[in-house]
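Asks: Going by the working numbering, the sequence shown opens with residue 1114, and the numbers climb by one from there. The beta carbon of each residue, even a glycine, is placed where N, CA and C say it ideally should be. Sharing a structure, written as structure tokens. Questions coming.
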Amino acid sequence: MSIVYLNGEFLPIEQAKVSVLDRGFLFGDGVYEVIPVYGGHCLRLGEHLKRLQDSLDGIQLKNPLTIPQWEQALNELIEKNEGEDKSVYLQLSRGAAPVRDHLFPAQPRPTIFIMSNPLKPVSKETLRTGIKAVTLDDIRWQACNIKATALLANTLLKQQAASQGATEAILVRDGLATEGSASNLFIVIDGVIITPPIGPRLLPGITRDLILELAEANKLPHEVRDISEAELKSANEIWMTSSTKEIMPVIELDGKVLANAQPGPMWERMIDLYQAYKVKLRQGAE
Ligand code: PDD
1114 MSIVYLNGEF LPIEQAKVSV LDRGFLFGDG VYEVIPVYGG HCLRLGEHLK RLQDSLDGIQ
1174 LKNPLTIPQW EQALNELIEK NEGEDKSVYL QLSRGAAPVR DHLFPAQPRP TIFIMSNPLK
1234 PVSKETLRTG IKAVTLDDIR WQACNIKATA LLANTLLKQQ AASQGATEAI LVRDGLATEG
1294 SASNLFIVID GVIITPPIGP RLLPGITRDL ILELAEANKL PHEVRDISEA ELKSANEIWM
1354 TSSTKEIMPV IELDGKVLAN AQPGPMWERM IDLYQAYKVK LRQGAE
């Protein structure tokens, strides 16, 4: 049975209840994180908690827990749930107010919720089959750097991609390809790994950062710069990255097959580096 954390208590998921007046429910007024856990070790916990703080600052909500308190709650929850690898979801909303009002309550009492889900191992062989992606206009707001729970636009985009037989939507704004509906974007052109710069157009992905670090440490040519839609369409390789999906090679874009539907050589290098990082993390060495 799955044990969750709700406002300081650990309890079975069926018993975890929040008010219908919770602003997370009424307004999508909250932020979240998804943290992969390998062999009991959180991947880049410090970075996830830092991004959580940035998201809270972005919505003007005070962090109700200190970093050691977050660490303790997360570690206890990880211990209480079964399974080797997990994906931990944590969310904070601005809590319930006595009446529905767009304005923030004067004294918000945030709702803190954490759950753990089993994370299926992602093998290189599974990833190798690749995914289909389609380009879609980015219909989201101007603060995509905030990891907000208000994900209606993202879900509509992902659903639209699915209705076109694709796994992910690559979003285009002002002629630039920015990220996926639930992932970051990398392309490879002439042996150079390229990803767009962080800013309000996209989420500063923790996986994205790790890939850039691995590229730097292993002297793989890489650039952080804008990617035009035209460049995306002529790229040698396209990857979509996220904590739970790791590095997914795109083998078809807008119905056009890329490189004989095979992931490219740079993906082969990077996925090996990424998986080696996970092995070290499991041993507690990262
Ligand atoms: N989403 N961009 C968007 C819009 C995302 O939703 C995500 C991840 C990412 C990748 O971020 P990271 O590498 O930190 O996982 C980029 C999570 C997994 C989700 O919503 O479930």
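Identify whether H1154 lies in helix, strand or coil by the three-state DSSP scheme.
Replies: Looking at H1154 - three-state DSSP - the assignment turns out to be strand.
Asks: As a quick exercise: from A1389, F1226 and K1260, pick the residue whose alpha carbon is nearest that of R1164.
Replies: It is K1260 whose Cα lies nearest to the Cα of R1164.
Asks: The ligand PDD and A1295: does the residue's C-beta get closer than 7 Å to at least one heavy atom of that ligand?
Replies: Yes, the ligand PDD has a heavy atom inside 7 Å of this Cβ.
Asks: My parser needs the alpha helix (DSSP H) runs of 4 or more residues fully inside the region 1162-1217; what are they?
Replies: 1180-1193, all fully within the region 1162-1217.
Asks: Name the residue from P1181, I1351, K1358 and N1331 whose alpha carbon lies nearest to the alpha carbon of I1319.
Replies: If we check each option's Cα against that of I1319, K1358 comes out closest.
Asks: What would DSSP say about R1241, mapped onto helix, strand or coil?
Replies: Helix.
Asks: May I ask you to report which of helix, strand or coil DSSP gives L1284?
Replies: DSSP places L1284 in strand when its eight states are reduced to three.
Asks: Going by DSSP, what residue range makes up the beta strand (DSSP E) through E1399?
Replies: Element bounds for E1399: n/a, residue is neither H nor E.
Asks: So, is V1117 buried or exposed, given that buried needs 16 or more other C-beta atoms within 10 angstroms?
Replies: V1117 should be labelled buried.
Asks: Can you name, in chain order, every residue of its own chain whose Cβ lies under 7 Å from the Cβ of A1256, other than the five neighbours on each side?
Replies: Result list for A1256: G1171 and P1313, in chain order.
Asks: Let me check one thing: in DSSP terms, what residues is I1351 bridge-paired to?
Replies: Looking at the DSSP assignment, I1351 forms a beta bridge with I1300.
Asks: Quick check: does the Cβ of G1318 come within less than 7 Å of any heavy atom belonging to the ligand PDD?
Replies: G1318 Cβ: within cutoff of the ligand PDD.
Asks: I'd like to confirm something about V1117: is its beta-carbon nearer than 7 Å to some heavy atom of the ligand PDD, or not?
Replies: Every heavy atom of the ligand PDD is 7 Å or more from the Cβ of V1117, so no.
Asks: Would the beta-carbon of Y1151 fall within 8 Å of that of L1386?
Replies: No, Cβ-Cβ distance for Y1151 and L1386 is not below 8 Å.
Asks: With distances taken between CB atoms, is the gap from R1338 to P1310 smaller than 8 Å?
Replies: Yes; because the gap between Cβ atoms is below 8 Å, this pair is in contact.
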